[in-house]
Structure formats: structure tokens, C-alpha cells
Amino acid sequence: MPPKCLSVRLLIRMTVETDSRRSSADYTRAEQIGRVLWNALQPLFAYSPRLMYAWRNFLLRLFGAEIGSKVQIYPSVRIFTPWTLAVGAGVTIGDNARIYNVGRIVINDDVTISQNAHLCAGTHDYQRSDMRLVRTPIVVQSNSWICCDAFVGPGVTIGKNAIVGARSVVFKDVGEGLIVGGNPAKFIRYRAEKNCHNHLKSA
């Protein structure tokens, strides 16, 4: 197996959620209580009618999330901890997207997160026997688009107006206005200078 493929697979394995290895020491008492309460109220979020965006935004704000105006978060979206999430105005997060925000995730204005995309803001210190949790923030800057099934890894910043192609795997920052794709994601071309966003409705 080529070394590059091996390293990418290792990174993916490092960032997969490993519940069996988690320790209560990774979370404060307040976080543990918050997670229990949030999980208990998940049905109110997950089984709400599709068009009740305001209701889901209310629940997220109730748990400390920063949610802008005209935000559309679909009921099947999985958000790990609302209090480490900041979402700007005009954002859409599509069906079955996963926001694993053990580290803070910031999604700026007019961003589209398409179906089944995964933003993973945490990993584990594989050099420790207890696999201690490492929290690393993700920032998605304004008017960018994370396409369906894409994976954005810990510590990544997606630049303004950038596009991450479908099923891409991103472990490095993506510059402003770039279109990237593949596993690992590589530069494809520059995005045209157009004010286009909210692609999700037809995706």
C-alpha cells in the first residue's frame, strides 16, 4: 500500500468517534450534564416537521448555540453539543449532516452544508494509552459550500467562497475561492466570481 494512502487512512481512523475509549475526564461535569439533557431532548429536534426551522433553531439557542437569522437546519442533522456551535445568517445544513463539535465549529453567513457531510472538530491522542480527546476547531467562512458526503477534519478552515466537492476528504485548510475535491482533497480550479449560495434546495 502506498505511504500516502496509509497516512490518509490512519488520519481517518484517528478522527472516527470511538465511544468505547472515551473517558469522563474528557468532559467537565457541566458538559456531561449538558450532553445528557441534549440527548434526552433530541426527539424534539429530530422528529419535528421539516419546515419547522425556527423551532429547531430555538432548541439550539436554548442549549447555548449562536444561530443567525434565516438559518435552515434539517431535522435529521446530528449536532453533538449545541454550546460549541456558531452559525451565521442564511446558512443551510442538509439532511443527515453530522456536526461533531467537541471542538468549536463556526459556520459563517450564507454557507451550505449538503446532505451527509461530516464536520469533525475532534480527534484522539493516539500516543496516549487512554486515547485522550483532542478538541480542534473548524471554521467555515462565508458563502462556501461543503458538498454531499464530504468530510472536513479537525482544525481545518474553509475559506470564503470555497467549494469542497462531493465525497471529498479535507485535512488541510482550503483557501478563499478555491474548489477542491478528492481523497485527500486537492485543488481543482478557482471559483467564478458569482454570488451563488444555498445550492441545497436542488442538490
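Counting from 364, one number per residue, gives the positions in the sequence shown under our numbering. Glycine residues also receive a C-beta, built at the ideal position from the N, C-alpha and C atoms.
- request: Determine, using beta carbons only, whether residue 504 and residue 535 come nearer to each other than 8 Å.
  value: Your numbering for residue 504 matches position 141 in the sequence shown. Your numbering for residue 535 matches position 172 in the sequence shown. No. Outside cutoff.
query: Exposed or buried, which one is residue 430 when buried takes at least 16 other CB atoms within 10 Å?
result: In the sequence shown, the residue the question calls residue 430 occupies position 67. By the neighbour-count rule (16 or more Cβ atoms within 10 Å), residue 430 is buried.
query: Helix, strand or coil: which one does DSSP assign to residue 429?
result: On the sequence shown, residue 429 is found 66 positions in, with the first residue counted as 1. In this structure, residue 429 counts as strand in the three-state DSSP scheme.
field: C-beta contact flag for residue 497 and residue 485 at 8 Å
entry: Residue numbering aside, residue 497 sits at position 134 when the sequence shown is read from its first letter. Residue numbering aside, residue 485 sits at position 122 when the sequence shown is read from its first letter. A contact, by the Cβ cut-off of 8 Å.
field: Residue closest to residue 450, alpha-carbon to alpha-carbon, out of 437, 441 and 474
entry: Position 87 of the sequence shown, counted from the start, is the residue given in the question as residue 450. For residue 450, the nearest C-alpha among the options comes from 474.
task: Please report the Cβ distance between residue 537 and residue 525, rounded to the nearest whole angstrom; I am assuming they are in contact, meaning their Cβ atoms lie under 8 Å.
output: Taking the first residue of the sequence shown as position 1, residue 537 is located at position 174. Taking the first residue of the sequence shown as position 1, residue 525 is located at position 162. 5 Å between Cβ atoms; contact.
- request: Less than 8 Å between the CB atoms is what I'm expecting for residue 461 and residue 481, so what's the real figure, rounded?
  value: Locating residue 461 in the sequence shown gives position 98, where the first residue counts as 1. Locating residue 481 in the sequence shown gives position 118, where the first residue counts as 1. At roughly 4 Å, the Cβ-Cβ gap stays under 8 Å, so residue 461 and residue 481 are in contact.
- request: Please report the residue range of the beta strand (DSSP E) in which residue 552 lies.
  value: Taking the first residue of the sequence shown as 1, we reach residue 552 at position 189. Per DSSP, residue 552 belongs to the beta strand (DSSP E) from 549-553.
Pair within 8 Å by beta-carbon distance, residue 552 and residue 542: Position 189 of the sequence shown, counted from the start, is the residue given in the question as residue 552. Position 179 of the sequence shown, counted from the start, is the residue given in the question as residue 542. Closer than 8 Å, so yes.
message: Quick check: what's the CA-CA separation for residue 396 versus residue 476?
response: Within the sequence shown, residue 396 is the residue found at index 33, counting from 1. Within the sequence shown, residue 476 is the residue found at index 113, counting from 1. Between residue 396 and residue 476, the C-alpha separation is close to 28 Å.
Nearest residue (CA-CA) to residue 402, options 511, 390, 389 and 426: Working through the sequence shown from its first residue, we reach residue 402 at position 39. Answer by Cα proximity: 426.
query: What number of angstroms, rounded off, separates the C-alpha of residue 455 from the C-alpha of residue 490?
result: The count along the sequence shown starts at 1 and reaches residue 455 at position 92. The count along the sequence shown starts at 1 and reaches residue 490 at position 127. Distance between the alpha carbons of residue 455 and residue 490 is about 37 Å.
field: Unbroken stretches of the beta strand (DSSP E), 3 residues or longer, contained in the stretch 455-537
entry: 461-463, 468-470, 481-483, 485-487, 496-498 and 501-503
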